[in-house]
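Asks:
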């Protein structure tokens, strides 16, 4: 079980959260006509073995979307910030 | 020495001291025509079919650990061909037909047991969708049966047939030719058969770098020295992206996730089929030793750790006793995790890559074991001829760009939801 230190609610078990995937991929502007940019956003992943920045939503808590830095081998959790304050 | 009744009898009478090594312990040569990275089921099968069907002889399989120590020894051994979408339907059926002759072909008993696979339906609509699936299968020459509630109850009397069920059982889809095989024997059998055809199987040899010249593969750096190669095939499951990073490919449509599997203490024969729960993610079979082998969902976040979290243990156990309350008293003997290379459409990749001479066989999500023979056939064809095998032409890497996805799971591009 992971423990995610939510900036609003403090450390909580990860089953209170919903996973949202890789946060490092920039989302194109809604009117971006370039299919290559959308292809990269939807499908292409670095899949790092080590530090990974990823979205989690605290669905059973404050319902905020967070960006969590987690190591994909040790599951150690580093920084946790509000997604709205995060720039990919 | 061939495995035969005569040799088993003769060895039995002489203390079983005369059996040779199943495959030779080789030191790597300096150069090979084809190097397969990853000595799991897919890599060994590829090497075997390269030698057997395409006549190549100068082949090596590099394995960073020992043969049988990766996902080929971690899976839950289910074999079936009940896929809905082309080319999966035909590809997995071809695999099934290869399984049916595999012990004879390899002269090694892979203990393929066609005990049948049953998926339960829990609403009228779900049973309708299963009828659709069965019709697609039949139209492709694959047998499938739909069982109603009464018929299923005669086959699986140990399920929860009470009124307490949150999702009562309406019926099921059954594929009688589906079943299980002994996963270690599949690795050992392919390794032995490939070794007899002259393939070098090199264990404890981890690839640490991929050598490129002018956008083309020239060889590999390994923990046992540099190895030159004209063509390199990757069959490394959960570490596909890490190997591709070494060749400068850093944006594959693959994420690594951990999937857990479980086995209970052994009991007398109870589960005579492979049974999958249609109302949740849970599947179960019984091993020849008597343990109930089962699994469920991914842990749900990117992971390279071959261990799972307890939340999934609880979820899978809840699904298990919702379907089969009778197994609630059993104790869990072991559980373990394996790293899956999950693609956005839940279908595999058998493809050339942007790097010339580098070929990729991966993205098997958590359905790779059943595909082992057909995956080997198709990947060997690609490595030997440079052309896609007709059965695997839909598994190219460029399908994500062109939009020709094979979205078998229907989950959208979210690996952790498949």
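Residue numbers (our numbering), protein chains in the order written: chain A, 445 to 532; chain B, 9 to 426.
Yeah, the Cβ is synthetic: ideal placement off N, Cα and C, and Gly gets one too.
1. DSSP three-state call for residue 350 (chain B): helix, strand or coil?
2. Excluding sequence positions up to five away, which residues of its chain have a Cβ less than 8 Å from the Cβ of residue 28 (chain B)?
3. Rounded to a whole number of angstroms, what is the C-alpha to C-alpha distance between residue 201 (chain B) and residue 208 (chain B)?
4. Determine, using beta-carbon pairs with one atom in the segment 145-160 of chain B and one in the segment 204-221 of chain B, whether at least three such pairs fall under 8 Å.
5. Do the segment 225-241 of chain B and the segment 278-292 of chain B touch if we need at least three Cβ pairs shorter than 8 Å?
6. At 8 Å on the CB atoms, spell out the chain B contacts of residue 431 (chain A), in chain order.
7. Any C-beta of chain A within less than 8 Å: which residues of the segment 248-263 of chain B qualify?
8. If you draw a straight line from the alpha carbon of residue 485 (chain A) to that of residue 37 (chain B), how long is it in whole angstroms?
9. Which chain A residues sit within Cβ distance under 8 Å of residue 308 (chain B)?
10. Answer yes if the segment 258-270 of chain B comes into contact with the segment 57-75 of chain B, meaning at least three C-beta pairs across the two stretches below 8 Å, and no otherwise.
11. Say whether chain A places a C-beta atom closer than 8 Å to the C-beta of residue 319 (chain B).
12. Residue 487 (chain A) touches chain B at which residues, Cβ-Cβ below 7 Å?
13. Rounded C-beta distance between residue 271 (chain B) and residue 301 (chain B)? I'm assuming under 8 Å.
14. Under three-state DSSP, which class holds residue 344 (chain B)?
15. From what residue to what residue does the alpha helix (DSSP H) around residue 137 (chain B) run?
16. Using the rule of at least 16 other Cβ atoms within 10 Å of the residue's Cβ for burial, across every protein chain shown, is residue 307 (chain B) buried or exposed?
17. Short check: CB of residue 315 (chain B) to CB of residue 345 (chain B), under 8 Å?
18. Are the segment 95-111 of chain B and the segment 64-77 of chain B touching by the rule of at least three beta carbon pairs closer than 8 Å?
19. As a quick exercise: from B:179, B:376, B:40, B:318, pick the residue whose alpha carbon is nearest that of residue 50 (chain B).
20. Taking buried to mean at least 16 other C-beta atoms within 10 Å of its own C-beta, is residue 75 (chain B) buried or exposed?
21. Output yes or no for whether 8 Å exceeds the beta carbon distance between residue 468 (chain A) and residue 497 (chain A).
22. Could you tell me the alpha carbon to alpha carbon distance between residue 184 (chain B) and residue 405 (chain B), rounded to whole angstroms?
23. Helix, strand or coil, according to DSSP, for residue 260 (chain B) in the structure here?
24. Between residue 368 (chain B) and residue 359 (chain B), how many whole angstroms is the CB-CB distance? I'm expecting something under 8 Å.
25. For residue 353 (chain B), count the other beta carbons within 10 Å of its own beta carbon; 16 or more makes it buried, fewer makes it exposed. Which is it?
26. Given this structure, state the Cα-to-Cα distance separating residue 247 (chain B) from residue 418 (chain B), to the nearest angstrom.
27. In terms of residue numbering, what span does the beta strand (DSSP E) encompassing residue 369 (chain B) cover?
28. Which of the three DSSP states is assigned to residue 450 (chain A) in this structure?
29. Residue 483 (chain A) touches chain B at which residues, Cβ-Cβ below 8 Å?
30. Relative to chain A, which residues along the segment 163-179 of chain B have a C-beta separation below 7 Å, given in chain order?
31. Please report the straight-line C-alpha distance between residue 107 (chain B) and residue 118 (chain B), rounded to a whole angstrom.
32. Interface residues of chain B around residue 496 (chain A) at Cβ under 7 Å?
33. Would you kindly work out how many angstroms separate the C-alpha atoms of residue 470 (chain A) and residue 309 (chain B), rounded to a whole number?
34. Please list the partners that residue 459 (chain A) has in chain B, where partner means a Cβ-to-Cβ separation under 7 Å.
35. Taking residue 424 (chain B) as the query, report the chain A residues whose CB atoms sit under 8 Å from its CB, ordered along the chain.
36. Please confirm if residue 490 (chain A) has its CB atom under 8 Å from at least one CB of chain C.
Replies: This is what the structure gives:
1. strand
2. 9
3. Spanning the two alpha carbons is a distance of roughly 11 Å.
4. no
5. no
6. The requested residue 431 (chain A) is not part of the displayed model; chain A covers only 445 to 532.
7. Answer set for the segment 248-263 of chain B: 249, 250, 258, 259, 260, 261, 262, 263.
8. Near 42 Å, if we compare the C-alpha coordinates of residue 37 (chain B) and residue 485 (chain A).
9. Result: 463.
10. By the criterion of at least three beta-carbon pairs nearer than 8 Å, the segment 57-75 of chain B is not in contact with the segment 258-270 of chain B.
11. yes
12. 261, 352, 408, 421
13. Contact holds; Cβ gap of about 5 Å.
14. strand
15. 132-147
16. buried
17. yes
18. no
19. Residue 50 (chain B) has its Cα closest to that of B:376, out of B:179, B:376, B:40, B:318.
20. buried
21. yes
22. 33 Å
23. coil
24. For a cut-off of 8 Å, the C-beta gap from residue 368 (chain B) to residue 359 (chain B) is around 5 Å, short enough to register as a contact.
25. Here residue 353 (chain B) is buried: its Cβ has 16 or more other Cβ atoms, across all protein chains shown, within 10 Å.
26. 25 Å
27. 366-370 is the span of the beta strand (DSSP E), which, as asked, contains residue 369 (chain B).
28. Secondary structure of residue 450 (chain A) (DSSP, three-state): strand.
29. 408, 409
30. none
31. 9 Å
32. 310
33. 19 Å
34. 319
35. 463, 465
36. Of the protein chains in the structure, A and B, none is chain C.
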